[in-house]
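Asker: Take a look at this one; I'll ask things after.
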Amino acid sequence: MMARKLKVLVVDDEKVVREGCRRVLSGKDYEVLTAENGYSALEQLSEDTVDLILLDLKMPGMSGEEVLETVHTNYPEIPVIIITGHGTVDTAVECMKKGAYDFITKPFQIDQFLITIQRASEKRKLELQAKQFEEENRRNLYDLKLEKSRLKTIINCMANGVLVTNRNLEIVLHNPALMQMMEIKGDLDSPVPVDKFVEDRDFIESLREILHSRLSTPQTVSREISRGPKVIRAISAPALGPDNEVVGTVTVLEDITAFKQLDQMKSDFLNMVAHELRSPLVSIRQQNTVLLEGLAGPIGEKQHEFLEKGVKKIDSLLELINDLLNIAKIEAGKAIQHQVPIDIGEVIKETLSFLEPVAKEKGIVLTYEEGELRPILADSKRMEEVFTNLITNAINYSPDGGRVVISAKALGEYVEIKVSDTGIGIAAEELPKIFDKFYRVKDPKTRQVMGTGLGLSIVKGILDAHRGTIEVESELGKGTTFKILLPIFEQ
-1 MMARKLKVLV VDDEKVVREG CRRVLSGKDY EVLTAENGYS ALEQLSEDTV
49 DLILLDLKMP GMSGEEVLET VHTNYPEIPV IIITGHGTVD TAVECMKKGA
99 YDFITKPFQI DQFLITIQRA SEKRKLELQA KQFEEENRRN LYDLKLEKSR
149 LKTIINCMAN GVLVTNRNLE IVLHNPALMQ MMEIKGDLDS PVPVDKFVED
199 RDFIESLREI LHSRLSTPQT VSREISRGPK VIRAISAPAL GPDNEVVGTV
249 TVLEDITAFK QLDQMKSDFL NMVAHELRSP LVSIRQQNTV LLEGLAGPIG
299 EKQHEFLEKG VKKIDSLLEL INDLLNIAKI EAGKAIQHQV PIDIGEVIKE
349 TLSFLEPVAK EKGIVLTYEE GELRPILADS KRMEEVFTNL ITNAINYSPD
399 GGRVVISAKA LGEYVEIKVS DTGIGIAAEE LPKIFDKFYR VKDPKTRQVM
449 GTGLGLSIVK GILDAHRGTI EVESELGKGT TFKILLPIFE Q
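What follows is the structure, given as structure tokens:
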């Protein structure tokens, strides 16, 4: 048992919720702190030790999602339970994917509320006990088999599976949750080769890479393993001896089948809606075009104006539908179908020739600067989509008479492409969010720019699929620069 009470921080803008949680939890031997907004919560976290956080999802000022992101980054060991209304359950599920432990809905059912708190508390207690135990025995971790008897009580209580191997990739420690997750009956006679237990070749290879790594800072590797209809996420890390040598691996496994099914349901629904909407819209557009061209008889000037506006609105809807389908393909891993060695300079030039008339109409000068380039392995259509999105944004967010500069050159093992503009710029607090789906920068100067808020999300998804990266630098009133790195194709 722990010598001190667990400390719970309740973050909610409603006083009745804060005080209600205080009364209930204080009666269950918890020490309760409260905060009325996200800023106050982060200030308390910097000054006090907290074991568990109850976090309201919807608050003025800093939202619960922003608080969760900061807590997950700076205090990853603290379980966060989301407080949400019935209308934001989907958002709460997304928060769990981003690191939240669980969520509860308003109004609370006291029994369910206490059960959720107790589960999180037990998790926290076990982690604190494990951390204390690890600190006391860090000089003896080289003998993983000896540690088996001391760790067994702790890992047997864990809901996630635990798998520990030695230098020979033999399993020397596991828990019942792992056996249940992998649907293996009976018990394992340790040590047993891990490849007889898990047949996934990529997973085995990742463990070998960990064993042979020479990195000064331990790195974790995340893999997804299919076990029949189940999808299991495995996070592996090196087990270090007293001289920081790698003496084995530790893997924590979590069943994420439910999350995968939810993602698939969302993608299927998105595809269905998009396809069902696109067909009638295309048909309506064709009929309007027939009318505009006078093929169904003469029309007046006013009717012509209305039809043109209607066609533009239909084109905007079709663009949104295409973006939604692209996002669904990227999330399903089906966006990149055919990668071949390509000249990225030619792709950029073709994109610029297509967008040149749009830039001239706004009085914007497009400039391309090409250094020494080498081929990259990529899908040329998807690369064209990346540059179309970035250059179009640069044109749209630059004032008339502005300048957009695109540069490309080989840089070590990568090709570096930059898209710079002299536009309105992006505030520093907005930069971390610009690649989020449907997010648009909140600025009065951008209201006239039409868009879905999906372009940069699509760009990042395509670059991730090509093992590339994208970074952004911006200054308000001076402009923005996007920098892309793509690996060079080694023949």
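So the sequence shown is numbered by my numbering: it starts at -1 and just counts up by one.
Just so you know, even glycine gets a beta-carbon here, dropped at the ideal spot from N, CA and C.
1) Can we say the region 376 to 387 touches the region 335 to 348, given the rule of at least three CB pairs closer than 8 Å?
2) Contact between the region 93 to 110 and the region 73 to 82: three or more CB pairs below 8 Å?
3) Measure from the alpha carbon of M371 to the alpha carbon of each residue in D193, F487, F385, then state which is nearest.
4) From which residue to which residue does the beta strand (DSSP E) around R225 run?
5) Output needed for K347: all residues of its chain with C-beta closer than 8 Å, excluding positions within five of it in sequence on either side, in chain order.
6) Might you give, ordered along the chain, the residues of its own chain that have their beta carbon closer than 7 Å to the beta carbon of M57, omitting 5 neighbours on each side?
7) On the criterion of 16 or more Cβ atoms from any shown chain inside 10 Å, does G490 qualify as buried, or is it exposed?
8) Where S405 and A392 are concerned, what is the direct C-alpha to C-alpha distance, given to the nearest angstrom?
9) For N72, does the three-state DSSP call read helix, strand or coil?
10) Terminal residues of the continuous beta strand (DSSP E) containing S418?
11) For the region 2 to 78, which segments carrying the beta strand (DSSP E) assignment without a break, of at least 3 residues, lie completely within its bounds, in sequence order?
12) Apart from the five residues on each side of it in sequence, which residues of its chain come closer than 7 Å, Cβ to Cβ, to I223?
13) Is it right to say G246 is buried, meaning 16 or more other beta carbons lie within 10 angstroms of its own, or is it exposed?
14) Along the beta strand (DSSP E) that carries E168, what are the first and last residues, could you check?
15) Do D253 and M179 count as a contact pair if the criterion is CB distance below 8 Å?
16) Cutting at 6 Å between CB atoms, please list the residues of its own chain near H70, excluding the five before and the five after it.
17) Can you tell which of H464, R465, F433 has its C-alpha closest to the C-alpha of F480?
18) Could you check whether G475 and I422 sit closer than 8 Å to each other, using their CB atoms as the reference points?
19) With the cut-off set at 8 Å, would you say V6 and V30 are in Cβ contact?
20) Specify, as a first and last residue, the run of the beta strand (DSSP E) that E368 falls within.
21) Which one of K416, D419, F352, K458 has the shortest CA to CA distance from K435?
22) DSSP has P485 in a bridge; who is on the other side?
23) Output the distance between the C-alpha atoms of N166 and M177, rounded to the nearest integer angstrom.
24) Alpha carbon to alpha carbon, what distance is there between V65 and Q259?
25) Please classify I415 as buried or exposed, where buried requires at least 16 other C-beta atoms within 10 Å of its C-beta.
26) Ignore the nearest five residues each way along the sequence and tell me which others in I282's own chain have a CB closer than 7 Å to its CB.
27) Roughly how many angstroms separate the alpha carbons of V87 and S61, rounded to a whole number?
28) Would you report the Cα separation of G466 and N320, rounded to the nearest angstrom?
29) Could you check the C-alpha separation between E17 and A90 for me, to the nearest Å?
30) If I measure Cβ to Cβ from V160 and keep anything under 8 Å in the same chain, skipping five residues before and after, which residues do I get?
31) Please state if the CB of L4 and the CB of R117 are separated by a distance shorter than 8 Å.
32) Which first and last residues belong to the beta strand (DSSP E) in which V162 is found?
33) Express the C-alpha separation of Q127 and M(-1) in angstroms, rounding to a whole number.
34) So what does DSSP say about P339, is it helix, strand or coil?
35) Quick check for students: name the residue ranges of the alpha helix (DSSP H) that lie wholly in the region 74 to 135, counting only runs of 4 or more.
36) With distances taken from CA atoms, which of E469, D109, L40 is nearest V9?
Answerer: In terms of the structure at hand:
1) yes
2) yes
3) It is worth fixing the name first, because residue 371 is Leu in this sequence and not Met. It is F487.
4) 219 to 225
5) Y366
6) D11, N35, G36
7) Only positions -1 to 489 of the chain appear in the structure, and residue 490 is not among them; the question remains open.
8) 14 Å
9) helix
10) 412 to 419
11) 5 to 9, 29 to 33, 50 to 54
12) V196, D198, F201, I230, A232
13) buried
14) 168 to 172
15) yes
16) G97
17) F433
18) yes
19) yes
20) 363 to 368
21) K458
22) Y412
23) 21 Å
24) 27 Å
25) buried
26) I312
27) 15 Å
28) 23 Å
29) 23 Å
30) I153, L171, H172, N173, A175, L176, V248, T249, V250, L251
31) no
32) 159 to 164
33) Residue confidence for M(-1) is low, a pLDDT of 41 falling below 50, so the modelled location carries little weight and cannot support an answer.
34) strand
35) 87 to 95, 108 to 135
36) L40
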